[in-house]
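K.L.:
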Amino acid sequence: MQEQFTAQSQIRDIEEQKMPVIQLRLSKIQDDIAFLERQIETGTRGRAAAKRRPDELKGEKEELDKVISMAREGLKAAEASRVAAMEIAAEIRNDIKELHGISGRAEKDQWIQGRLQKHADEDKLLRAQAESLFGSNWEERFAAQSDVREQWD
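For the sequence shown, counting from 1, position 108 maps to 108 in full-length UniProt numbering; every step adds exactly one.
1) I think R115 touches D95, with their Cβ atoms under 8 Å apart; what is that distance to the nearest whole Å?
2) Give the straight-line distance between the Cα atoms of E87 and L133, rounded to the nearest whole angstrom.
3) I need the boundaries of the alpha helix (DSSP H) containing S132, first residue and last residue.
4) Pick helix, strand or coil for N137, following the three-state DSSP scheme.
5) Note down the Cα distance separating P54 from S81, rounded to an integer number of angstroms.
The following block contains the structure:
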């Protein structure tokens, strides 16, 4: 009986000694599980962020493409304006030369009246062409578009 008691006490001692080791191991396993869960969560967030990033870049690229398109349109309009300004400047130089070639006041007045009539006829023709191309409300639409462009400046 003494031997049985000694054996039980030894088993109890061994179990008591193993218990802290088992608890330490269990604690370590729990820490490892928590660490892995955090890594999985971080990886999931990273993948979600990586997935969002191309979508954001696509949106930014679309906006940039719009701005580039608007800049190209502006360059075309500026080039057309430059060419028109050069043509008008050449026309004005020719008008000045013609006026200097006319000596009488009445002849100059008559030339000026003819020139004004020519410009009025050109204006009517251009307005008719614009109306046929852009519709009857083309002036309002162009004015609205001009207002929008001024806001960008």
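Think of the CB as a built atom: it goes at the ideal place given N, C-alpha and C, for glycine as much as any other residue.
P.N.:
Per the coordinate set shown:
1) For this step, residue 115 is matched to residue 115 along the sequence shown. For this step, residue 95 is matched to residue 95 along the sequence shown. Rounded, the Cβ-Cβ distance is 7 Å, consistent with contact.
2) As a working mapping, residue 87 is identified with position 87 in the sequence shown. As a working mapping, residue 133 is identified with position 133 in the sequence shown. Each residue's Cα considered, the two are about 23 Å apart.
3) Along the sequence shown, one-based indexing puts residue 132 at 132. For S132, the enclosing alpha helix (DSSP H) covers residues 105–134.
4) Within the sequence shown, the letter at position 137 stands for residue 137. Correct three-state label for N137: coil.
5) In the sequence shown, the residue the question calls residue 54 occupies position 54. In the sequence shown, the residue the question calls residue 81 occupies position 81. When only Cα atoms are considered, P54 and S81 end up about 40 Å apart.
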